[in-house]
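In short: position in the sequence shown from 1, add 112, done, that's the working numbering.
Ideal Cβ positions, reconstructed from N, Cα and C, are used throughout, including at glycine.
Computed from a predicted model, the values in this text were never measured in an experiment.
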Amino acid sequence: MKKKIVSLLLVATVVAGALTGCSLPFGGDHKDQIEESAYGVMKGLTDADKDQINKYYSENGKGKDQISQIDVDEIEKKFYKGFGVSGLNADEYFDDNTKKSVREFSKRLATNFITDFKIESVEEDKDNNVGIVKAKVTMGYDTEKMSGLYSEVIQDATKDAREYQQEHLEELQQIYLEKGQKALYQKIFSEFVPGYLEKIGDKVDETGKVEKTFTITVEPTSDDKETWKVTNIKAY
């Protein structure tokens with residue numbers, strides 16, 4: 113009788129173990145994968161690394177406004193647009209040194225967008241098949257206070273450039289006659305753009321650092337839920 117009881121216990125133990133083993137892939141916890149993807153995107157935002165972000169952010173993801181803030185090329189385009197210049201004809205207006213200053217300034221904005229972050233919580237909503245990650249974020253400047261900042265400074269720069277043009281009319285006419293329109297614009301803007309970028313940088317710094325909470329939505333990209341990617345980011 114004792115042998116039968118022992119045998120039954122052994123069978124029950126083996127069966128329970130087998131069932132538990134089978135259930136792991138379907139009912140297990142995926143918080144590590146969820147956190148890895150959220151951390152990967154936040155690390156990319158902090159380092160202004162688009163390749164890092166794209167590795168963990170879904171191609172069809174929403175909330176990519178945050179990502180555009182660390183895109184140096186996009187920042188450059190906005191700057192040139194303020195001068196009524198497209199990237200294609202920037203050479204007609206800016207010499208190499210001036211374009212370099214624009215590039216460096218764009219990198220400065222990108223790298224200072226988020227200066228630090230900390231993952232505060234990771235949850236898996238199995239009913240809705242999503243992961244929700246909360247991160248405390250330190251932003252290097254207040255984007256809400258920057259509304260109109262570019263246009264304000266660029267308007268001042270344009271005004272001063274016109275005054276400069278009037279005061280140095282003879283010199284500029286000579287440049288135009290000898291070297292053409294391209295050299296004329298390069299001369300004018302080379303006198304002002306680098307300095308005004310410094311002014312913009314100072315104004316950006318004056319907006320101050322801001323603490324925000326990012327809610328990051330992460331979803332599985334495979335049936336076994338071993339791979340997850342960020343599909344949305346919201347800042348509060």
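State the CB to CB distance for the pair residue i and residue j, rounded to an integer number of angstroms; the pair is presumed to be in contact (CB under 8 angstroms).
| i | j | result |
| --- | --- | --- |
| ILE182 | ALA222 | 4 angstroms |
| LYS143 | GLU236 | 6 angstroms |
| VAL330 | VAL245 | 6 angstroms |
| TYR297 | TYR205 | 5 angstroms |
| VAL234 | ILE146 | 6 angstroms |
| ILE165 | VAL184 | Going by Cβ atoms, the distance from ILE165 to VAL184 rounds to 13 angstroms, so no, they are not a contact pair. |
| THR327 | LYS346 | 5 angstroms |
| LEU261 | LYS190 | With 8 angstroms as the limit, LEU261 and LYS190 do not qualify as a contact, their Cβ atoms being about 11 angstroms apart. |
In three-state terms, what does DSSP make of residue i?
| i | result |
| --- | --- |
| ILE243 | The displayed chain sequence assigns Gly, not Ile, to residue 243. If DSSP states are grouped into helix, strand and coil, GLY243 belongs with the strands. |
| LEU122 | Any reading at LEU122 must be qualified, since the residue scores a pLDDT of 40, below 50, and its modelled position is unreliable; no value is offered. |
| GLU323 | strand |
| ALA269 | helix |
| GLU331 | strand |
| LEU136 | Low confidence applies to LEU136: its pLDDT is 34, below 50, so where it sits in the model is not reliable, and the reading given next is rough at best. Helix at LEU136. |
| LYS248 | strand |
| TYR151 | helix |
| SER401 | Within the shown structure, residues of the chain are numbered from 113 to 348, placing residue 401 beyond reach of any answer. |
| LYS143 | helix |
| TYR168 | helix |
| PHE217 | helix |
| TYR253 | coil |
Between which two residues does the beta strand (DSSP E) carrying residue i extend?
| i | result |
| --- | --- |
| GLU235 | 226 to 237 |
| ASN172 | Taken as a continuous stretch (DSSP letters only), ASN172 belongs to no beta strand (DSSP E), as it is neither H nor E. |
| ALA347 | 340 to 347 |
Under the rule that 16 or more other beta-carbon atoms within 10 Å means buried, what is residue i, buried or exposed?
| i | result |
| --- | --- |
| LEU281 | exposed |
| SER263 | exposed |
| GLY156 | buried |
| TYR253 | buried |
| SER218 | buried |
| GLN293 | exposed |
| LEU309 | buried |
| GLY307 | exposed |
| THR227 | exposed |
| ARG220 | buried |
| LYS363 | Since the first and last residues shown for the chain are 113 and 348, residue 363 lies out of range. |
| SER149 | buried |
| LYS337 | buried |
| GLN278 | exposed |
| THR158 | buried |
| THR348 | The residue asked about is misnamed: residue 348 is Tyr in this sequence, not Thr. Label assigned to TYR348: exposed. |
| GLN267 | exposed |
So residue i is in the alpha helix (DSSP H); what residue range does that whole segment cover?
| i | result |
| --- | --- |
| ILE300 | 293 to 318 |
| ALA160 | ALA160 -> no alpha helix (DSSP H), and no H or E assigned at all. |
| ILE179 | 177 to 180 |
| GLU193 | The sequence given here places Lys at residue 193; Glu does not occur at that position. Taken as a continuous stretch (DSSP letters only), the alpha helix (DSSP H) holding LYS193 covers 184 to 194. |
query: Is there contact here, the segment 323 to 331 with the segment 239 to 252, by at least three beta-carbon pairs under 8 angstroms?
result: yes
- prompt: On the three-pair Cβ rule with 8 angstroms, is the segment 155 to 173 touching the segment 331 to 343?
  reply: yes
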